[in-house]
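The listed protein sequences correspond, in order, to chains B and F. Here the first sequence is numbered in this note's numbering, starting from 1 and rising by one per residue. Here the second sequence is numbered in this note's numbering, starting from 127 and rising by one per residue. First up is the structure itself, then whatever we jot down about it.
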Amino acid sequence: MNHFIVWSGIAAIVITATLGDVLQSRAMKEIGDLGLVRKQHGLPAVIRRVVTNGRFMLGLGFMALGFFSLLITLSWGDVSVVGPASASLTFLANALVAHIYLKENVDRRRWLAALCVAAGVALLAH
Amino acid sequence: MTPRKYLILAAVVFFAATGDVSLARGMRDFGAVTLANLHQLFLALLNPWVVVGILMLIGFFASYLAALSFADLTYVLPATSLSYILMVLLAKFFLHEHVSLWRWLGVALIVAGVGFVAGGPEATPGAHRHNPIETVYGPVGALGEVADHGDEA
Numbered sequence: 001m002n003h004f005i006v007w008s009g010i011a012a013i014v015i016t017a018t019l020g021d022v023l024q025s026r027a028m029k030e031i032g033d034l035g036l037v038r039k040q041h042g043l044p045a046v047i048r049r050v051v052t053n054g055r056f057m058l059g060l061g062f063m064a065l066g067f068f069s070l071l072i073t074l075s076w077g078d079v080s081v082v083g084p085a086s087a088s089l090t091f092l093a094n095a096l097v098a099h100i101y102l103k104e105n106v107d108r109r110r111w112l113a114a115l116c117v118a119a120g121v122a123l124l125a126h
Numbered sequence: 127m128t129p130r131k132y133l134i135l136a137a138v139v140f141f142a143a144t145g146d147v148s149l150a151r152g153m154r155d156f157g158a159v160t161l162a163n164l165h166q167l168f169l170a171l172l173n174p175w176v177v178v179g180i181l182m183l184i185g186f187f188a189s190y191l192a193a194l195s196f197a198d199l200t201y202v203l204p205a206t207s208l209s210y211i212l213m214v215l216l217a218k219f220f221l222h223e224h225v226s227l228w229r230w231l232g233v234a235l236i237v238a239g240v241g242f243v244a245g246g247p248e249a250t251p252g253a254h255r256h257n258p259i260e261t262v263y264g265p266v267g268a269l270g271e272v273a274d275h276g277d278e279a
């Protein structure tokens, strides 16, 4: 399988996994601290609030798409390339989208953390 | 950060690493699954290691959502990447896999990344529904330091 197709697959994994993570983070921000919700309203209320949140379900859908994209891409390319490349690029894409869409305060410290972890995860494949 | 929040982040790390390692250990009993022997995948669901792995990953997802409910995504992801380190240690001492020098270098970089993020606040003020940071400490500075507003806060 040529490089272009494998890297297209990696791009699909990164995009779907990032959308999944970011949408779930947005959903949890809306719902609020699950520990406090449980203390005030009980566990059934926590479960109901999570599963009835549209962004959570959409995020879950993208996570599933990300998982299937990973399985398909693994059948095209080497696991030693696809695994670390998609995991480390997803770290960086998450930092970028969290800054733009979630309006998180991604300061120099958090960028350095994302870069170090992305590089570290890439090296774990060696 | 309260002890409860540290415990939730530790649970994310523990469940992610032990879940993946249990699944890997269970799948060793089956060998490569291909389209020709896809039924192996269903047999794998009866393997005790695979069952434990799936239960651990359910625990991972629950604690991951709990972590996202009080902390930023850009805090949770690097902070819980310690699971990769736990996974390398389990791979070496439990699955007896070879861990190369490059991998140890990767572990060192992840530790550095966790160190960077752990030094700052866990949430952007006002981003979470029950976020107390804004009302208690005031806004957060460019490097993550909390601004001192004295009695104003």
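We put the CB at the ideal spot given by N, CA and C, even for glycine.
| query | result |
| --- | --- |
| Residues from the region 42-60 of chain B in contact with chain F, defined by Cβ distance under 8 Å | Val-50 |
| Neighbourhood of F:Ala-192 by C-beta distance below 7 Å, restricted to the same chain and skipping five residues each side | Ile-134 |
| Inter-residue Cα distance where the pair is F:Gly-241 and B:Arg-110 | 10 Å |
| Opening and closing residue of the alpha helix (DSSP H) in which B:His-126 lies | It is not in any alpha helix (DSSP H) - B:His-126 carries neither H nor E in the DSSP assignment. |
| CB contact check: B:Ala-80 to chain F, cutoff 8 Å | Note that residue 80 of chain B corresponds to Ser in the displayed sequence, not to Ala. For B:Ser-80, the answer is no, since every Cβ of chain F falls outside 8 Å of its Cβ. |
| F:Tyr-132 burial status per 10 Å Cβ neighbour count (16 or more: buried) | exposed |
| Chain F contacts from the region 7-20 of chain B (Cβ-Cβ distance under 7 Å) | none |
| Length of the line joining the Cα atoms of F:Glu-271 and F:Pro-247 | For F:Glu-271, the pLDDT reaches just 42, beneath the cut-off of 50, and the residue's location in the model is therefore unreliable, leaving the point undetermined. |
| Residues within the region 19-40 of chain B neighbouring chain F, beta-carbon criterion of under 7 Å | Asp-21, Val-22, Gln-24, Ser-25, Met-28, Lys-29, Glu-30, Ile-31, Gly-32, Asp-33, Leu-34, Gly-35, Leu-36 |
| Contact residues within the region 187-199 of chain F, judged by C-beta distance below 7 Å to chain B | Leu-191, Ala-192, Leu-194, Ser-195, Phe-196, Asp-198, Leu-199 |
| Close Cβ partners of F:Thr-261 (< 6 Å) along its chain, the five nearest in sequence each way excluded | Caution applies to F:Thr-261, whose pLDDT of 39 falls short of 50 and renders its modelled position unreliable; the model cannot decide the point. |
| Buried versus exposed call for B:Ser-75 [16 or more other C-beta atoms within 10 Å across all chains shown] | exposed |
| Beta-carbon proximity list for B:Leu-60, same chain, < 8 Å, skipping 5 on both sides | Gly-20, Gln-24 |
| For F:Pro-204, the three-state DSSP class (helix, strand or coil) | helix |
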